[in-house]
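Student: Quick one: structure below, then a few questions.
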Amino acid sequence: MISPDVKLGQRVSIPQPDLVNLYGCEIGDGTKIGAFVEIQRGSSIGARCKISTHSFVCEGVTVEDEVFVGHGVMFTNDRFPRAARAGVMLEGGDWEVMQTVVRRGASVGSGATILPGIIIGVDAMVGAGAVVVSDVPDYAIVVGCPARVVGDVRTRDAQ
Amino acid sequence: MISPDVKLGQRVSIPQPDLVNLYGCEIGDGTKIGAFVEIQRGSSIGARCKISTHSFVCEGVTVEDEVFVGHGVMFTNDRFPRAARAGVMLEGGDWEVMQTVVRRGASVGSGATILPGIIIGVDAMVGAGAVVVSDVPDYAIVVGCPARVVGDVRTRDAQ
Amino acid sequence: MISPDVKLGQRVSIPQPDLVNLYGCEIGDGTKIGAFVEIQRGSSIGARCKISTHSFVCEGVTVEDEVFVGHGVMFTNDRFPRAARAGVMLEGGDWEVMQTVVRRGASVGSGATILPGIIIGVDAMVGAGAVVVSDVPDYAIVVGCPARVVGDVRTRDAQ
């Protein structure tokens with residue numbers, strides 16, 4: 055299910071278009087999107103990214119170029135989500151959408167959860183299963199719940 | 055895929071009916087259900103709830119009214135799951151289904167995992183990525199793995 | 055979506071074939087596979103297993119007989135995943151696929167994340183929501199992030 059209002063770049067690869075749910079978003083050139091992915095209105099994915107199966111990208115998320123989003127990654131945009139207030143369902147516009155940015159070249163490991171309003175830095179690496187509750191510096195490796203810095207990808211790459 | 059045996063209330067919103075799997079469950083009035091959600095036989099969802107994408111609600115789970123279930127939330131009902139015993143697949147009825155209740159107005163953050171047999175209290179807030187292994191008191195805010203109480207929504211709401 | 059190149063055993067149960075994504079893998083006799091599951095090329099599932107909804111089994115994973123894989127379980131095969139290098143998308147073959155084995159009779163709880171290159175021992179029990187970063191001994195019960203041994207299923211079974 056790819057809504058007609060999705061802005062798809064060149065050579066975007068979506069091998070299972072019937073098993074995704076994309077609407078109102080922008081997808082850059084050459085990006086690959088796996089099965090069971092939802093990307094919401096008001097989000098943006100850069101060029102040459104991988105958005106792996108079972109991941110959810112919500113409104114307010116900007117993913118820059120060449121970012122790896124693993125499997126089952128959950129982004130969020132509301133620090134205090136509620137279904138209803140005073141008996142009335144909350145709709146878009148009823149809460150503040152916090153902005154999240156994943157900078158160029160970063161990787162978000164499978165099963166990670168990203169709290170709202172986070173910046174994940176350039177080339178940073180978020181470990182699988184991490185729960186990210188604060189900004190991740192450029193080049194940092196973070197793991198755990200809550201995620202903490204345990205290394206630097208420049209050192210790791212040099213090993 | 056919405057099985058004919060699902061009891062749907064009035065004005066239930068399921069924008070992607072081909073991308074959900076609902077069977078043998080009850081869904082209350084005005085509730086919204088996202089893509090890639092499975093709700094099993096023997097579970098019940100109240101009125102004016104949001105069950106967000108990628109979540110799984112199993113047999114034995116009762117979700118009261120106006121509950122927010124985030125994205126990728128996993129409920130469970132078996133403390134010691136096994137596929138087979140003595141070479142024979144286990145079927146429903148071969149294990150004790152523990153009962154979980156999410157009380158009115160509570161929120162369960164995205165990526166949370168709820169162990170079996172849990173009560174999540176009225177208006178309580180389970181943080182994104184939390185692993186809930188014990189009951190959550192009414193109005194409590196819990197986060198982490200295992201989830202621990204870190205605040206009270208009444209104080210937070212008053213801020 | 056079950057690709058013609060999947061080797062299906064006898065009496066494999068896939069109640070929602072339109073809501074799975076299986077390709078290039080092998081599935082043993084009597085195994086059950088839930089909705090929203092992806093099983094990739096180059097992986098193998100044994101006989102009489104349960105692969106529950108929302109789980110992802112990647113290349114390099116071998117699941118032996120009678121294994122329970124809960125809901126929303128994420129396997130991984132790359133310790134340092136990237137989307138691209140020097141402006142070019144990485145493809146299969148561009149990284150080392152680490153091998154993971156889940157031994158006969160083991161259970162992996164819902165919401166668990168399994169880091170690459172792990173062995174989960176015979177009859178072992180991985181708790182719901184665990185992040186498994188090192189091998190799990192035969193019969194061990196592990197929980198938490200990172201997962202640590204907290205018990206032995208033989209003692210538990212004897213209770």
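Protein chains in written order, with our numbering: chain F, 55 to 213; chain C, 55 to 213; chain L, 55 to 213. Glycine included, each C-beta is placed from N, C-alpha and C at the ideal position. On a predicted model such as this, the values are computed, not experimentally measured, just so you know.
1) Starting from L/VAL121, find everything on chain C with Cβ-Cβ shorter than 8 angstroms and list it in chain order.
2) Find out if the Cβ-Cβ distance for the pair F/PRO170, F/VAL185 is shorter than 8 angstroms.
3) Beta-carbon of L/GLN213 versus every beta-carbon of chain F: anything under 8 angstroms?
4) On the CB-based measure, 16 or more other CB atoms within 10 Å of its CB, does L/GLU150 come out buried or exposed?
5) Alpha carbons only, please: which of F/GLY147, F/HIS108, F/VAL203 is nearest the one belonging to L/ASN75?
6) Looking only at its own chain, which residues have a Cβ that is under 6 angstroms from the Cβ of L/ALA101, when we skip the five neighbours before and after it?
7) Would you please verify whether the beta carbon of F/GLY78 is less than 8 angstroms from any beta carbon of chain L?
8) Note down the Cα distance separating F/GLY96 from F/ASN131, rounded to an integer number of angstroms.
9) Sorted by chain position, which residues of the same chain lie with C-beta nearer than 6 angstroms to L/ASP206's C-beta, five sequence neighbours on each side aside?
10) Straight-line CA distance for L/ILE172 to L/VAL197?
11) Would you be able to state if there are at least three C-beta pairs under 8 angstroms between the segment 109-128 of chain L and the segment 109-116 of chain F?
12) Just checking: is the beta-carbon of F/THR130 within a distance shorter than 8 angstroms of some beta-carbon in chain C?
13) Is C/GLY124 near F/PRO135, with beta carbons less than 8 angstroms apart?
14) When you compare only the Cα positions, how much space is there between L/SER67 and F/ASP189?
15) So, are the CB atoms of L/ARG208 and L/ILE195 less than 8 angstroms apart?
16) Considering only residues of the same chain and omitting the five flanking positions on each side of F/THR167, which have a CB-CB separation below 6 angstroms?
17) Could you give the residue range of the beta strand (DSSP E) that holds F/VAL66?
18) Below 8 angstroms on the Cβ atoms is my guess for C/VAL160 versus C/VAL176; work out the distance and round it to an integer in Å.
19) Taking the straight line between their C-alpha atoms, what separation do you get for C/ARG202 and F/ARG133?
20) Relative to the alpha-carbon of F/MET179, which residue among F/VAL121, F/ILE93, F/THR154, F/GLY78 has its alpha-carbon at the smallest distance?
21) Where in the segment 96-170 of chain L do unbroken runs of the beta strand (DSSP E), each at least 3 residues long, occur, reported from the N-terminal end onward?
22) Just curious, the beta strand (DSSP E) that F/GLY5 is in, first and last residue?
23) Please state whether the Cβ-Cβ distance between F/PHE90 and L/PHE90 is less than 8 angstroms.
24) Give me, in chain order, the residues of the same chain whose beta-carbon lies closer than 6 angstroms to that of L/GLU80; leave out the 5 immediate sequence neighbours on both sides.
25) Return yes when the Cβ of C/ALA140 is within less than 8 angstroms of the Cβ of L/ILE103, no when it is not.
26) Run through the DSSP bridge pairs and tell me what L/ALA178 is partnered with.
27) Just curious, the beta strand (DSSP E) that C/ILE56 is in, first and last residue?
28) Can you tell me whether DSSP reads F/ALA212 as helix, strand or coil?
29) Cβ-heavy atom distance between L/GLU145 and the ligand SAM below 7 angstroms?
30) Is C/SER106 near C/GLY78, with beta carbons less than 8 angstroms apart?
31) Residues in its own chain within less than 6 angstroms of C/VAL156 by CB, not counting five upstream and five downstream?
32) Give me the Cα-Cα distance between F/VAL187 and C/GLY163, rounded to the nearest whole angstrom.
33) Going by C-alpha to C-alpha distance, which of C/ILE93, C/PRO69, C/ARG65 sits closest to C/ASP59?
34) Please report whether the beta-carbon of L/THR107 lies at a distance below 8 angstroms from any beta-carbon of chain C.
Tutor: So, to answer that:
1) ALA137
2) no
3) Since pLDDT at L/GLN213 reaches only 42, below the 50 mark, its modelled position is unreliable, and the value read off the structure follows with that caveat. So, not an interface residue.
4) The residue in question, L/GLU150, is exposed, as its Cβ has fewer than 16 Cβ neighbours within 10 Å.
5) F/HIS108
6) GLY82, ASP83, GLY84, ASP119
7) no
8) 11 angstroms
9) TYR193
10) 15 angstroms
11) no
12) yes
13) yes
14) For L/SER67 and F/ASP189, the distance between alpha carbons rounds to 44 angstroms.
15) no
16) MET128, VAL185
17) Where F/VAL66 is concerned, there is no enclosing beta strand (DSSP E), given that its DSSP letter is neither H nor E.
18) It should be noted that the sequence gives Ala, not Val, for residue 160 of chain C. With 8 angstroms as the limit, C/ALA160 and C/VAL176 qualify as a contact, their Cβ atoms being about 7 angstroms apart.
19) 18 angstroms
20) F/VAL121
21) 115-117, 154-156
22) It is not possible to answer for residue 5 of chain F, since the shown part of chain F is limited to 55 through 213.
23) Yes, the pair counts as a contact, with Cβ atoms nearer than the cut-off.
24) LYS61, SER98
25) With the sequence shown as reference, residue 103 of chain L is identified as Cys, and Ile is not the correct amino acid for it. No, the pair does not count as a contact, with Cβ atoms beyond the cut-off.
26) DSSP, once it has assigned bridges, lists no residue as partnering L/ALA178.
27) Note, C/ILE56: premise wrong, no beta strand (DSSP E); not H, not E.
28) No answer about F/ALA212 holds up, because its pLDDT of 43 lies below 50 and its placement is not dependable.
29) Summarising the ligand content, the structure contains no ligands, and the ligand SAM is consequently not present.
30) no
31) VAL117, VAL121, ILE174
32) 13 angstroms
33) C/ILE93
34) yes
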